[in-house]
Every structure is written in structure tokens, then in C-alpha cells.
Amino acid sequence: MGIKNKFSAALVAAGVVLVHAGCSAGDQAPWREQMQCGDTQYVIESDCKPSKDSATLNQCKSQTLSVSHGGTARKAALPELNKVSAKSIVETGGKVSKLFVTQWACARGDKGDVAVMYYSIGGGSAPYAEAYSIYDEAGALIENEDSAKYEQALAHSDRHMKKVKSIMPR
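In C-alpha cells form, the structure reads like this:
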């Protein structure tokens, strides 16, 4: 192969690489968000494809939560709701699997910092359109919504919520 042919082949190969890179730019890739609450680290990965405009929801397949505290770690598929919240979503006609974390915050608990996760289906005012999960100081899901710890965390997180990149367009 002559120099001219080698150069042409290299240009074609470079063009293929550039076209491939351009095609994959909009493909799904996990979006990763981190939050530190006291001694506990939370990481959410959202497997989403960005919407083409700001009025359309991003298309998400799944979210996972990784929690690290005191040398132990666990990973959970989201949504991770307590039994009461999950039952309420289903009883009002919703699907738990349609909920994605769109905001989160650290809040003051009775023994330290806790994490509050706000789930949304992406809008609407139906009873199944939103839910909360609260994790204690060690990163364990709080099951009892009637506990003082749960209520206190919700009250203290209200003004501190930060966006999590998921279904909501930016």
C-alpha cells in the first residue's frame, strides 16, 4: 500500500472513530452523584439518557444507591422505600418502579446526620407522584414514619435539598 493509500485509510479510520464518538455522546451512561452525611457516604448512580429539550423528562432505566459507613458498604436498587410508603404508592394506583430520586439532603437526626431522599415520577400531583426515604446515621433505611427521628429529618431537610441528576431535565 502506497503512502497516499495509507494516508487515505488513516483518514477513513479517524472519520469512523469520530462518527462513533458522536453517536455515543447521547447514549446512556451512569450519572454519579455523591453526598456525605456525617460519617456516611451516599452515592447514587442513575442510568439515564438525556432528553432532547428542557420540557421533556430524561429517560431513566434504573438508579442504584451505594452506602458506606464505618468500613462497611452496601448497594441497593432504588427506589428503596419503607413498607408504609411502598404500600401507599401501590394502593393509590402508582408503580414504585416509576419513582426516581430527584433531590436529597443531609439533615440533623437525634444522634447525628441522616440522609433524606426525595423521589418523584417527574411531576404531577397524584398521591403516588412522590415519596421520601430517610436513612439513619449508619445509612440504614428508617422504616417507622411515625418516629420522631423521621419527622425531625423531614422538617430539617426542607430548605437543604439538592438536585440529583436523574429523570428531571436540566
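Using the numbering used here, the first residue of the sequence shown is number 32, and each one after it goes up by one. Where is the CB? At the ideal position from N, CA and C, for every residue including glycine.
With distances taken from CA atoms, which of the options is nearest residue i?
i    : options                  : result
A157 : A171, K129 and P81       : K129
V195 : S151, N113 and S85       : S151
Q183 : Q134, Y73, G170 and D141 : D141
A104 : H187, V74 and Y149       : V74
A160 : L172, P110 and K193      : P110
Output the boundary residues of the beta strand (DSSP E) element that contains residue i.
i    : result
K80  : T71 to K80
H100 : Q90 to H100
T87  : Element bounds for T87: n/a, residue is neither H nor E.
What residue does the alpha helix (DSSP H) around residue i start on, and which one ends it?
i    : result
I120 : K114 to E122
Give me the Cα-Cα distance between residue i and residue j, rounded to the nearest whole angstrom.
i    : j    : result
V121 : D70  : 34 Å
C137 : H191 : 7 Å
A117 : C91  : 20 Å
G170 : E176 : 16 Å
K83  : S178 : 42 Å
G53  : T95  : Its pLDDT being 32, under 50, G53 is placed unreliably by the model, and nothing is read from it.
Y163 : M199 : 17 Å
P61  : E174 : 28 Å
Is any heavy atom of the ligand NAP found at a distance shorter than 7 Å from the C-beta of residue i?
i    : result
A186 : Absence of the ligand NAP from the depicted structure is noted, as is the absence of any ligand whatsoever, leaving it without description.
Identify every residue that forms a DSSP beta bridge with residue i.
i    : result
I165 : V147
R105 : V98
M192 : Beta-bridge pairing links M192 to no other residue.
P61  : D78
Helix, strand or coil: which one does DSSP assign to residue i?
i    : result
L130 : coil
A184 : helix
A179 : helix
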